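Protein sequence lines, in the order shown, are assigned to chains D and X. If you read the first sequence in my numbering, its first letter stands for residue 86, the second for the next number, and so on. If you read the second sequence in my numbering, its first letter stands for residue 86, the second for the next number, and so on.
Protein chains: 2
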Amino acid sequence: MALVGKVVVAQGGGPTAVINQSLAGVVLESRKFTQVTSVYGAIHGVRGIINEDFLDLTQETTHNLEQVAITPSSALLSTRDKPDVKYCQEIFRVLKAHDVRYFFYIGGNDSADTVNIVNEQAEQSNYEFRAIHIPKTIDNDLTMNDHTPGYGSAARFVAQAFIGANLDNRALPGVYIAIIMGRHAGFLTAASSIARKYPDDGPHLIYLPERPFDMEKFLVDVKKNCDQFGRCVVAASEGIQDAQGTPILTKSLETLEKDAHGNVQLSGTGALGDLLADVVRQRLKIKRVRADTFGYLQRSFFGCVSDVDQHEAREVGEKAAQFAIWHNLDGSITIQRTGDYSVDYRLVPLPEVAGKTRHMPDEFINPEGNHVTDAFRYYCRPLMGSGLQSAQRLRAPRVSKILAPGQ
Amino acid sequence: MALVGKVVVAQGGGPTAVINQSLAGVVLESRKFTQVTSVYGAIHGVRGIINEDFLDLTQETTHNLEQVAITPSSALLSTRDKPDVKYCQEIFRVLKAHDVRYFFYIGGNDSADTVNIVNEQAEQSNYEFRAIHIPKTIDNDLTMNDHTPGYGSAARFVAQAFIGANLDNRALPGVYIAIIMGRHAGFLTAASSIARKYPDDGPHLIYLPERPFDMEKFLVDVKKNCDQFGRCVVAASEGIQDAQGTPILTKSLETLEKDAHGNVQLSGTGALGDLLADVVRQRLKIKRVRADTFGYLQRSFFGCVSDVDQHEAREVGEKAAQFAIWHNLDGSITIQRTGDYSVDYRLVPLPEVAGKTRHMPDEFINPEGNHVTDAFRYYCRPLMGSGLQSAQRLRAPRVSKILAPGQ
C-alpha cells in the first residue's frame, strides 16, 4: 500500500550552479504522486527543519520552479551544520510532527551522513519513512559516483578561466598562478587542463592535494617552463599539502602570524596564491608574477553552466522521488557512466557514501605529480557539456626584417 | 592622390575580451583599399615594431580573422612599454624603413600618447603618414568617450559574478567582499550594481576610487547592512584610497612588511581583500567573512562577452581604417552615444585623449559615496549587451509551525 504523507526537501553545504535543478526535479516529480499530500522545502537545510521553517512548494508555480532551476546557488538557502545523533533526533521529531514520510537532502558526503542517521532514527521508532540523499558537490569527491552534479559546471568555469588566463599570460608573459577549490580532491583543479589547445598553452603545471607539494620541486618546475616557453601558467588546489600532510596554506599562515606578532591575521582567501607568487618572485627573480584565487566565482558564477550537468542534476532529483515514492527505497543516488557519453542512476546504501571522500585515481595524475593525464581529460571533457568554444591564434607568416636582417 | 604604402596595426596594454574585434576590423577594412600594399601586425605592441617583429596579415584568412576576433586577449600579444620620445623615434625609423604609411594602435590613454608622439615624428620629417589610436580599456577611463570597447564585456563579467556571489552569500550568510580592477576609475566596480534585482540583493555597498575610503565609515556601513539583512555584499575597487590620496592597498602593504621584518612580502593580489576581511572579522566580530579578488578573470574570461561591446569594438577598428585611408585623417576614435541605445564614432585630436584619465561623474555616485545612482545603472546596462538573464527566487508561502507555533 502506498505510503501517504508529506515530502521534505532541503539543500546543504556549498551551493553549485545546478543544485536547484535537483530541487526542481524532486518537487515536480513528487507532485505527480497522489500519496504525496504536500511538498515542503526546508529553509537553510537541516537547520530549517529544526526550526520548522518550511515553504509549501506544492503551491509553487511550475514556471517559477523552472526559472529557479536555472538560477545558481541553493534557492532554499543552505547551512554548514553537521548534525550529530542528537541533532538528527530533533530533525526526526519535527518531520514526524508534520507527518513527513519522504525526506530528500541534496548535498555532499556530510549530507549523506545526516540522511543516514535520520533514517536510523525512523527505523528505531518503527515510523514508516523513506530518506534519500541526492548528490551535489563541485569537488566531485563522492564515492560510488562516476562524477557528481555541480562538478561539470564548476569544471567548465575553471576551464574557461584558464583559456582566458593563458591568453592573457601569453600576451603579457610572466608567471601566473591560480588557486582552485578542492581541499581534499583535485578534480576541479585538474579541470584546468581542458583549457589547453596548442602544445605551448597553459596550464603548464597542475598541483593536486593527492600528491605531496614540494616547494623546491615547484620552483624547478616553474623555471623549466619559463626557460622553454618564456612564461608559465600554474593551477594549484587550495588543498595542496606537504609530504607530512600539512596544508601549504596552514604552514604559510603560521609563518605570517608569527612574523606579525599577532598584529596581522592572514586568514583571507588570497594567502596561498600570494605566498606561491612571492616565493617565485624572490627565488627565481621573475618580475611579472601574478596570483588569482578563483574563490566563490567558480561555484556560483551566473551564466557559466554545463548543459550535461544541468540535465543530470535534474534527473538525480527526479530519480530520488521515483525510488522513494514508487519503489519505497532508501539510499543515495549515484551517477554511473554507461557509455561515451551516457549515464544511468543507481541507488546505493547510504553508508557507502556517507562521510567518505573520493580522490583522483592514480591513472589521472602524471608520474611527476605536476599535471594530469589524457585519461583524465577524456573522463572530464563530456561533463563540461556542449558549446565550449576554443581560442584561435593568428597564423599569418612572419615578415622579413629590413633594418636587422637575420635577427 | 591616394597615399600608397603599408598598414601596421598593434595592440598595447592589458587585454580585453573584444580587443581582437578591433584588430579584425582594421585588417579586414584596410585590405579593401588598393593603395594599401600590405597589412602588418606588430607582435607585442610597440616593442614588436622596434624589433621588426611583424606578421603579414594580408596573408591571413578571413575565416581565421573572424575566429581570432571572438577570442579574448591580444592576438598580436601585448606590451607594458610606455615609449618616450626616443623610443617613438625608433618606432618611426622602423615604420619608415618598411614603407608604412598607416599606423593603428589599439590601446588605452598611454597608447594614444604613443600614437601622438610617433605622428609628430612623421610630421617633423615631412613623411606622409596617418596614425590613429583605437580605444580599448576595461577601465572605461578614456576622455571624450561615452564608454570604451572592452568595458561592456568586463562589466558583464562583474555583474554575472555578483549575481552569483549575492546568491551564494544569501544561502550561507555573512560578509562577502570582492575587489575589482580599476586603479583610478570606478566604472568597472560600479558595474556590480547591475547584479541587484530584489531590494535586499547585494552589492549592498560599492566603494570607488573617486571617493575617499574611510575604514571606520566602512565598518559602520557593513554593520548597518548586517543588522538589516543579516548579511552584506561589498564591491570595492582595487584603487580605493584614503582622504590623502594614499591607496588603502599601499597602506596595508607597508604595515604588513614592517610587521614581518622583511621576511614576508605581501605584494600579491589578494592583499586588499584579505585586509578588509580581517578588519571586519576583528572589529565587528563577524565569523563568516570572505574576500575574493576578481583579478585577471574579469578581463580575459573566455565565454563572457557583451555583443554590443563586440560590435562596437569591431566598428572602431573599421572606422579607424576608413578615417585614415579614405579621409586621410589622424586622431583618436571615440564612441558617442546618440540614442537609447545607439552610438556613432567621432575622430578627435590625439592630445585630447593621450595620457588623460576620465573618472566617474558625480551624478553616478550616491551622496554617501558608498553606492551608485540609478543614472549610472541606466548608463551602464545597455553596454553589457543582450541575453543577460536574472536570478529567480522561490515564491511559495510559508508553512505554519506545529511544534513551536507563533515563533
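Glycine included, C-beta positions come from ideal geometry on N, C-alpha and C. The model shown is predicted, which means the values in this text are computed figures rather than measured ones.
Please go through the same chain and pick out, in chain order, the residues whose beta-carbon is closer than 7 Å to the beta-carbon of residue i, but skip the five residues on each side of it.
i: Phe387 (chain X); result: Pro157
i: Val393 (chain D); result: Gly237, Pro467, Leu468 and Gly470
i: Ala439 (chain X); result: Asn194, Ala197, Asp198 and Asn201
i: Met445 (chain X); result: Ala270, Gly271, Phe272, Ala275, Leu293 and Glu295
i: Pro100 (chain D); result: Pro157, Ser158, Ser159, Ser163, Arg384 and Ser385
i: Thr228 (chain X); result: Glu437, Val438, Lys441 and Arg443
i: Phe118 (chain D); result: Ile410
i: Arg480 (chain D); result: none
i: Asn310 (chain D); result: His289, Leu290 and Cys317
Can you look up residue i in the DSSP assignment and give me helix, strand or coil?
i: Ser391 (chain X); result: coil
i: Glu342 (chain D); result: No answer about Glu342 (chain D) holds up, because its pLDDT of 45 lies below 50 and its placement is not dependable.
i: Ala127 (chain X); result: strand
i: Asn348 (chain X); result: Residue placement at Asn348 (chain X) cannot be trusted, given a pLDDT of 35 that sits under 50; the coordinates are not used to answer.
i: Gly358 (chain X); result: helix
i: Tyr292 (chain X); result: strand
i: Ile279 (chain X); result: helix
i: Pro467 (chain D); result: helix
i: Ser475 (chain D); result: coil
i: Ala328 (chain X); result: coil
i: Lys91 (chain X); result: strand
i: Gln313 (chain D); result: helix
i: Ser107 (chain D); result: helix
i: Ala460 (chain X); result: helix
i: Ser115 (chain X); result: helix
By alpha-carbon positions, which one of the options ends up nearest to residue i?
i: Gly380 (chain D); options: D:Ala246, D:Arg178, D:Asp253 and D:Asp415; result: D:Ala246
i: Ile135 (chain X); options: X:Tyr283, X:Val364, X:Ala256 and X:Asp166; result: X:Asp166
i: Glu397 (chain D); options: D:His129, D:Gln174, D:Asn230 and D:Pro258; result: D:Asn230
i: Glu208 (chain D); options: D:Asp415, D:Ala275 and D:Asp394; result: D:Asp415
i: Asn254 (chain X); options: X:Asp377, X:Gln474, X:Asp429 and X:Ala406; result: X:Asp377
i: Tyr187 (chain X); options: X:Asn194, X:Gln477 and X:Val179; result: X:Val179
i: Gly130 (chain X); options: X:Ala160, X:Leu273 and X:Leu360; result: X:Ala160
i: Ala49 (chain X); options: X:Phe449, X:Arg431, X:Ser385 and X:Ala270; result: A query on residue 49 (chain X) cannot be resolved here, the shown segment of chain X reaching from 86 to 492 and no further.
i: Ala263 (chain D); options: D:Gly192, D:Asp359 and D:Ala102; result: D:Asp359
i: Lys91 (chain D); options: D:Ile223, D:Lys181 and D:Ile450; result: D:Lys181
i: Pro234 (chain D); options: D:Gly472, D:Ser115 and D:Val390; result: D:Val390
i: Phe314 (chain D); options: D:Glu437, D:Phe408 and D:Tyr283; result: D:Tyr283
i: Arg422 (chain X); options: X:His232, X:Lys486 and X:Arg462; result: X:His232
i: Gly249 (chain X); options: X:Gly97, X:Ala87, X:Ser475 and X:Ala481; result: X:Ser475
i: Tyr426 (chain D); options: D:Tyr464, D:Gln395 and D:Ile418; result: D:Tyr464
i: Ser123 (chain D); options: D:Leu357, D:Glu114, D:Leu142 and D:Val111; result: D:Leu142
i: Pro288 (chain D); options: D:Val318, D:Leu357, D:Val112 and D:Val305; result: D:Val318
i: Leu435 (chain D); options: D:Glu205, D:Ile176, D:Arg478 and D:Val153; result: D:Glu205
i: Glu137 (chain D); options: D:Val121, D:Ile155, D:Val170 and D:Glu175; result: D:Glu175
i: Arg268 (chain D); options: D:Ala321, D:Leu257, D:Asn310 and D:Lys486; result: D:Ala321
i: Gln144 (chain D); options: X:Glu323, X:Ala489 and X:Arg483; result: X:Arg483
i: Thr152 (chain X); options: D:Gln477, D:Gly491, D:Pro220 and D:Leu488; result: Per the sequence presented here, residue 152 (chain X) reads as Gln, with Thr not at that position. Comparing Cα-Cα distances from Gln152 (chain X) to each of D:Gln477, D:Gly491, D:Pro220 and D:Leu488, the minimum goes to D:Gln477.
i: Tyr172 (chain D); options: D:Thr147, D:Val203, D:Gln96 and D:Pro220; result: D:Val203
i: Ile487 (chain X); options: D:Ser210, D:Tyr212, D:Ala95 and D:Val185; result: D:Val185
i: Ser417 (chain D); options: D:Leu382, D:Ile191, D:Asn149 and D:Asn225; result: D:Ile191
i: Gly97 (chain X); options: X:Pro168, X:Ser210 and X:Ala87; result: X:Pro168
Considering only residues of the same chain and omitting the five flanking positions on each side of residue i, which have a CB-CB separation below 8 Å?
i: Asn348 (chain X); result: Residue confidence is low: Asn348 (chain X) scores 35 on pLDDT, short of 50, so the model does not pin down where it sits. Its coordinate-derived value is still stated next. Cβ neighbours of Asn348 (chain X) beyond the five flanking positions: none.
i: Phe139 (chain X); result: Val93, Tyr125, Gly126, Ala127, Ile128, Gly133 and His183
i: His346 (chain D); result: With a pLDDT of 37 at His346 (chain D), under the threshold of 50, the modelled position of this residue cannot be trusted; read the value that follows with caution. No residues qualify anywhere along the chain.
i: Asp327 (chain D); result: Pro297, Phe298, Asp299, Ile333 and Lys336
Beta-carbon within less than 6 Å of residue i's beta-carbon, same chain only, minus the 5 sequence neighbours each way: which residues are those?
i: Asp286 (chain D); result: Asn251
i: Arg375 (chain D); result: Tyr261
i: Gly110 (chain X); result: Arg399, Gly402 and Glu403
i: Tyr406 (chain D); result: Strictly speaking, residue 406 (chain D) in this sequence is Ala, with Tyr absent from that position. The residues are Val111, Glu114 and Ser115.
i: Val89 (chain D); result: Gln120
i: Thr222 (chain D); result: Gly193, Thr233 and Gly235
Using a Cβ-based criterion (distance less than 6 Å to any ligand heavy atom), does residue i qualify as near the ligand ADP?
i: Phe139 (chain D); result: This structure simply doesn't include the ligand ADP, nor any ligand for that matter.
For this session: Give, in chain order, every unbroken run of the beta strand (DSSP E) that is at least 3 residues long and sits entirely within the region 183-265 of chain D.
Result: Runs found: 185-192, 215-220 and 260-265.
Exercise. At a cut of 8 Å, does the region 442-462 of chain D reach the region 280-293 of chain D through at least three beta carbon pairs?
Worked result: yes
Exercise. Which ranges would you report for the beta strand (DSSP E) in the region 366-447 of chain D if only whole runs of at least 3 residues count?
Worked result: 374-378, 416-424 and 427-433
For this session: Assess, as a yes-or-no matter, whether the region 362-373 of chain D is touched by the region 327-334 of chain D under the definition of 3 or more beta carbon pairs within less than 8 Å.
Result: no
Exercise. Between the region 266-279 of chain D and the region 457-464 of chain D, are three or more C-beta pairs nearer than 8 Å?
Worked result: These segments touch.
Exercise. Touch check for the region 95-106 of chain D and the region 397-411 of chain D: three-plus C-beta pairs under 8 Å?
Worked result: yes
Exercise. Of all the alpha helix (DSSP H) runs that stay within the bounds of the region 127-187 of chain X, which reach a length of 4 or more residues?
Worked result: 130-135, 147-154 and 170-182
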